[in-house]
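*Asks:* Quick one: the structure is below, questions incoming.
Residue numbers (this note's numbering): 44 to 322.
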């Protein structure tokens, strides 16, 4: 069958979106693997299904390029907000989206019917290692040692619906991410694999990061990763709780505010193109 898709991105973190209100693919994991190939198919960091929900405006399912399902994706959920507002006609200032990590609240900033940015209440950051999950002792894993690929790093572990390992370095762009990223992703300390961020402190409440995402490799942006990085910045004393923290990513900037009760992420969402693909 021929199915329409929307290619959308949040500062370069690009996914292939399907309107699944009245239809759903039989094997979305296999579909994600097939369509994410950048040489022989559409190309993207994965596939996102926008589905009906009994408890929210819509339900999100996200599959990485390797077919694994993610519980949450910050850039994708902003794009879903734009899709619901502009394509599905849900033109209201607040939207709710059901995810595998709970219902998220989106505040939409629109002008003349076009969504310019979306602010997402990402919920509280999970810091307990057993809930991330990460194999570290104690109530938090903040600035703790971890040996990966023969080198010792100081890491901070956070879950924003999926696990993240944040390490502060002098220059994230000098890291051999193709080698070091998998060493973190498949480290024995992370039983469900992990997303890894390498971060430079540029100033008070200003950070630059690169990200290696489990199941996708290096991506141009990661919304949950930016939230984890801002959280780690506060916990390590580089940023202020409650402040708007600017996080520079390869594809652009996100604004993140950390509080103990919730992390808020603000950023753009954009359409790239639409098309039809045979499924």
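C-beta atoms are modelled at their ideal positions from N, C-alpha and C, and glycine is treated no differently.
Beta-carbon within less than 6 Å of residue 91's beta-carbon, same chain only, minus the 5 sequence neighbours each way: which residues are those?
*Replies:* Cβ neighbours of residue 91 beyond the five flanking positions: 58, 60, 105, 119.
*Asks:* Over the uninterrupted beta strand (DSSP E) stretch that includes residue 79, give me the two end residues.
*Replies:* First-last for residue 79: 71-79, but that is the alpha helix (DSSP H), not the beta strand (DSSP E).
*Asks:* In the DSSP assignment, the alpha helix (DSSP H) including residue 271 goes from what residue to what residue?
*Replies:* Taken as a continuous stretch (DSSP letters only), the alpha helix (DSSP H) holding residue 271 covers 266-278.
*Asks:* What separation, rounded to the nearest whole angstrom, lies between the Cα atoms of residue 201 and residue 208?
*Replies:* Distance between the alpha carbons of residue 201 and residue 208 is about 7 Å.
*Asks:* Quick one: measure Cβ to Cβ for residue 275 and residue 299, integer angstroms, because I've assumed they're closer than 8 Å.
*Replies:* That pair is no contact at about 11 Å.
*Asks:* Can you give the beta carbon distance from residue 151 to residue 132, rounded, assuming they're within the 8 Å contact cut?
*Replies:* About 13 Å; that fails the 8 Å criterion.
*Asks:* Residue 282 and residue 271: beta carbons closer than 8 Å?
*Replies:* No.
*Asks:* Is DSSP giving residue 323 helix, strand or coil here?
*Replies:* For the chain, the structure presents residues 44 to 322; residue 323 sits outside this window and is missing.
*Asks:* Tell me the rounded alpha-carbon separation between residue 263 and residue 253.
*Replies:* Residue 263 and residue 253: Cα-Cα distance of roughly 8 Å.
*Asks:* Taking three-plus beta-carbon pairs below 8 Å as touching, is the stretch 145-164 in contact with the stretch 185-197?
*Replies:* Short answer: they don't touch.
*Asks:* According to DSSP, residue 222 sits in a beta bridge with which residue or residues?
*Replies:* Beta-bridge pairing links residue 222 to no other residue.
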